[in-house]
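Presented below is the structure to which this report refers.
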Amino acid sequence: MEIGPFIKLHRVKQNMTQEELAEGIVSESYLSKIENRRTEPSTDVINMLCTKLGVEVKSEDDSLLKEKCQEWFDMLFEVNSKTEITNKYEELQEIIENNYSHTQVLFEIHKIRYYLIIDEVNLALKQINNLKEVSNTFDNYQLYFWLKFKGNYNSVIEEFNQAFRFYKLAEEKTNQIELSEAEVADLKYTLAVTYSKLRNTLEVIDYANQALEAYSKNYNFIRCAQCHILLGISYRRIRIYDKAIKNYNLAQHLAKLNKKDDLIQLTNINLGHLYASKGDTKQSIICFNEVLEEKNALALKDRLLAVTSLVKEYYRSRNHIEARAMVNEGNRILNEIDKERHKFFDYELRTYKYALDEEHEAFESFVIGEFIPFLKKQKNYANLVIYANMVGKHFEDKNKYKSATEYYKLANYSYEQLIRI
3 MEIGPFIKLH
13 RVKQNMTQEE
23 LAEGIVSESY
33 LSKIENRRTE
43 PSTDVINMLC
53 TKLGVEVKSE
63 DDSLLKEKCQ
73 EWFDMLFEVN
83 SKTEITNKYE
93 ELQEIIENNY
103 SHTQVLFEIH
113 KIRYYLIIDE
123 VNLALKQINN
133 LKEVSNTFDN
143 YQLYFWLKFK
153 GNYNSVIEEF
163 NQAFRFYKLA
173 EEKTNQIELS
183 EAEVADLKYT
193 LAVTYSKLRN
203 TLEVIDYANQ
213 ALEAYSKNYN
223 FIRCAQCHIL
233 LGISYRRIRI
243 YDKAIKNYNL
253 AQHLAKLNKK
263 DDLIQLTNIN
273 LGHLYASKGD
283 TKQSIICFNE
293 VLEEKNALAL
303 KDRLLAVTSL
313 VKEYYRSRNH
323 IEARAMVNEG
333 NRILNEIDKE
343 RHKFFDYELR
353 TYKYALDEEH
363 EAFESFVIGE
373 FIPFLKKQKN
383 YANLVIYANM
393 VGKHFEDKNK
403 YKSATEYYKL
413 ANYSYEQLIR
423 I
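Residues in the sequence shown are numbered consecutively from 3, following my numbering.
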């Protein structure tokens, strides 16, 4: 990073205006030229501006710092210890924060990923907004990570179409820069996950297989297991159940070898969905309940997925007592996490609560007025099929055939969009 953007970055991070920084040193217009690389300031001006910002121009050997940073960058995956990642971050932060270094820009970009891993989503957004001011100075290598991590942010907040756009832009940069095999594999895997969220099944299979090949060569068996789960989901969606089960079994085998209880239970969740897809409600319920028995194996979000899946299966089998119990359990979990970030689960639980309690007016008002518009905005066609059909059936049972037809049409339209993807 050149000195002008470096000064701008630190000014923005400190919420300081150009007028405040320039006061007593240079004119505001001259500072603007410095920040935008339209002039070369003298060493004295640089020193005075940096002193006011509380940063130093001199730094330790950049090659050593680059090596230390790369070690930390390579740690920024969910499978690694958050404590170790944080300890390394704090060590580097002390060295980098107040020193001008060419490595700093990559460190600042990787902070986005770091904040997402430690579940500080608001800090990740703040970091994105800070870096926007200087993103026009990034080279292609820096731009690759900038785009990828912005995609990560959008994935976390479940804006998958926007995430996909950033990942594809990052992918375009891979032809212009040199990346490690591990990084290329991670982008392939990330794209496979995103394609899966967008229900683009054939692309999932393609990218997941590419990632799987790379991870197998490097004996990264945890990522291999995750790829097999993705492949299992894809084959289940196109009803090739034998291939789906084969991939789930491979995922479980690798997860057990590596003693990864979370992956074992994620596989059980997906086996539950497979049996539900086949209409085997009894076996589906067994799988989902097995997940809930392992209380500490999964993150709360994944437990919530198992709970909402059980709500649907119990409702489908007319076991309303157990369905209500699961709605209550789901709401208990929602109270422990950020409900705004998990709005979809909240909407599902409220829908089934109204349906179970036969609160017809509340059901119509909420599902038609809030849930379906939410799904339309997200282009979540798979769930639009489910809930438009649910509303259609609701109106049909009340002999409101015109309204029923409207929502059955919406379900059919959503299905058409789904199979076009």
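Glycine included, C-beta positions come from ideal geometry on N, C-alpha and C.
Whole angstroms is fine: what's the gap from residue i's alpha carbon to residue j's?
{"i": "K381", "j": "I159", "result": "15 Å"}
{"i": "G394", "j": "E363", "result": "14 Å"}
{"i": "K245", "j": "H112", "result": "37 Å"}
{"i": "G26", "j": "A216", "result": "56 Å"}
{"i": "Q16", "j": "F346", "result": "36 Å"}
{"i": "V59", "j": "D208", "result": "48 Å"}
{"i": "I224", "j": "F79", "result": "12 Å"}
{"i": "S286", "j": "V186", "result": "36 Å"}
{"i": "V369", "j": "L204", "result": "31 Å"}
{"i": "N82", "j": "L265", "result": "14 Å"}
{"i": "Y237", "j": "Y243", "result": "6 Å"}
{"i": "K261", "j": "I5", "result": "48 Å"}
{"i": "R318", "j": "L312", "result": "10 Å"}
{"i": "E350", "j": "R201", "result": "19 Å"}
{"i": "M328", "j": "T85", "result": "33 Å"}
{"i": "I235", "j": "E30", "result": "57 Å"}
Indicate the three-state DSSP secondary structure (helix, strand or coil) for residue i in the structure shown.
{"i": "E324", "result": "helix"}
{"i": "P375", "result": "helix"}
{"i": "N333", "result": "helix"}
{"i": "S367", "result": "helix"}
{"i": "Q129", "result": "helix"}
{"i": "R40", "result": "coil"}
{"i": "N382", "result": "coil"}
{"i": "R422", "result": "helix"}
{"i": "S405", "result": "helix"}
{"i": "K261", "result": "coil"}
{"i": "G234", "result": "helix"}
{"i": "K134", "result": "helix"}
{"i": "S311", "result": "helix"}
{"i": "N82", "result": "coil"}
{"i": "R352", "result": "helix"}
{"i": "S31", "result": "helix"}
{"i": "R241", "result": "coil"}
{"i": "G274", "result": "helix"}
Exposed or buried, residue i, counting other C-beta atoms within 10 Å across all chains shown (16 or more means buried)?
{"i": "K433", "result": "Absent from the model: residue 433. The displayed extent of the chain is 3 to 423, so no value can be given."}
{"i": "L259", "result": "exposed"}
{"i": "L51", "result": "buried"}
{"i": "E315", "result": "buried"}
{"i": "D340", "result": "exposed"}
{"i": "P43", "result": "buried"}
{"i": "D263", "result": "exposed"}
{"i": "Q267", "result": "buried"}
{"i": "E110", "result": "buried"}
{"i": "P375", "result": "exposed"}
{"i": "R320", "result": "exposed"}
{"i": "S157", "result": "buried"}
{"i": "R352", "result": "buried"}
{"i": "A213", "result": "buried"}
{"i": "T2", "result": "Nothing can be reported for residue 2: it is not among the residues displayed for the chain, which extend from 3 to 423."}
{"i": "G281", "result": "exposed"}
Quick one: is residue i near chain D, going by C-beta distance under 9 Å?
{"i": "K68", "result": "Within the model displayed, chain D is absent; a lone protein chain is all it includes."}
### Query
Taking the runs of the alpha helix (DSSP H) that are 4 residues or longer, which of them lie wholly in the stretch 139 to 225?
142 to 158, 162 to 175, 183 to 199 and 203 to 219
### Message
At 4 residues or longer, what runs of the alpha helix (DSSP H) sit wholly inside the stretch 283 to 309?
### Response
283 to 295
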